[in-house]
DNA sequence: AACAGTTTCAACCGCTTTATC
DNA sequence: AGATAAAGCGGTTGAAACTGT
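The structure is reproduced here in structure tokens:
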């Protein structure tokens, strides 16, 4: 692609665009309430897309990129705000273990959550906890611990909630702790996890947010368990 | 109360990919 | 087919909020 050739056309375009933005006195930084209102009203009338013209026509002194980001990550009506639930945390761990840092792809499996939010969660929580365990978050040891021991254990803890489900749905967790064999593909992601045959991403999300479901994966008890596990693995 | 250190998360940046002409 | 514009993505930053002393 052009970009890989030194002094490329694309780079020149970007420079020019930045120069123009400066010339036009583009605003940066946090969005004001008035700006949000203008953007929301404009999109309500004209719809999403064509972000550069949205910025221009709505009279916002923002780049199209900035408008798009603000809408997608904050102003969109279906954006879910608030803490990431336990189910969502488990799902993020599961999906990350197979897809890596494909944040937007992971976000598609969590309705209302944005890639930015998931990325932030990963960086601020998961990486932090991995450090506490003296593990590299990308190491096989950490990933295997999460995947084959840690997540099944958490799913077992969710079982009381799932018992309220219909009989054919209760398979959700029963398979969890017994399916510790590595998976071999990503084929079943649309239906559910290939890691745990009875595990269904959609069901997990539909369980709602009652009781302990908002607790963190990383409470003291859980961390204690993980530390012991990590220690045991290192001794082997 | 004041300050320092830490955490969180919205927003930006640079690059790549996709769409359009 | 190539140039250009727009959209999308992941990494990074920095200000605000929070916590501890």
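Numbering (UniProt numbering), first residue to last: 1 to 236.
No residue lacks a Cβ here, since even glycine has one placed at the ideal position from N, Cα and C.
Can residue i and residue j be called in contact, C-beta distance under 7 Å?
i, j, result
"residue 58", "residue 64", "no"
"residue 116", "residue 73", "yes"
"residue 70", "residue 31", "yes"
"residue 103", "residue 92", "no"
Which one of the options has the shortest CA to CA distance from residue i?
i, options, result
"residue 155", "127, 90, 143", "90"
"residue 96", "41, 144, 78, 34", "144"
"residue 84", "102, 104, 110, 100", "110"
"residue 112", "26, 77, 42, 86", "77"
"residue 52", "26, 132, 79, 101", "26"
Mind checking residue i: buried by the 16 CB within 10 Å criterion, or exposed?
i, result
"residue 107", "buried"
"residue 126", "buried"
"residue 94", "buried"
Can you list, in chain order, the residues of its chain whose CB lies under 7 Å from that of residue i, leaving out five sequence neighbours each side?
i, result
"residue 39", "58, 60, 67, 70, 71, 75"
"residue 45", "none"
"residue 99", "105, 106"
Roughly how many angstroms lie between the CA atoms of residue i and residue j, to the nearest whole one?
i, j, result
"residue 146", "residue 140", "10 Å"
"residue 135", "residue 88", "23 Å"
"residue 123", "residue 152", "23 Å"
"residue 41", "residue 29", "21 Å"
"residue 33", "residue 62", "14 Å"
"residue 132", "residue 114", "27 Å"
"residue 43", "residue 79", "15 Å"
Check whether the Cβ of residue i sits closer than 6 Å to any heavy atom of the ligand PLP, and report yes or no.
i, result
"residue 122", "As far as ligands go, the structure on display features none, and thus does not contain the ligand PLP."
Cutting at 6 Å between CB atoms, please list the residues of its own chain near residue i, excluding the five before and the five after it.
i, result
"residue 142", "130, 135"
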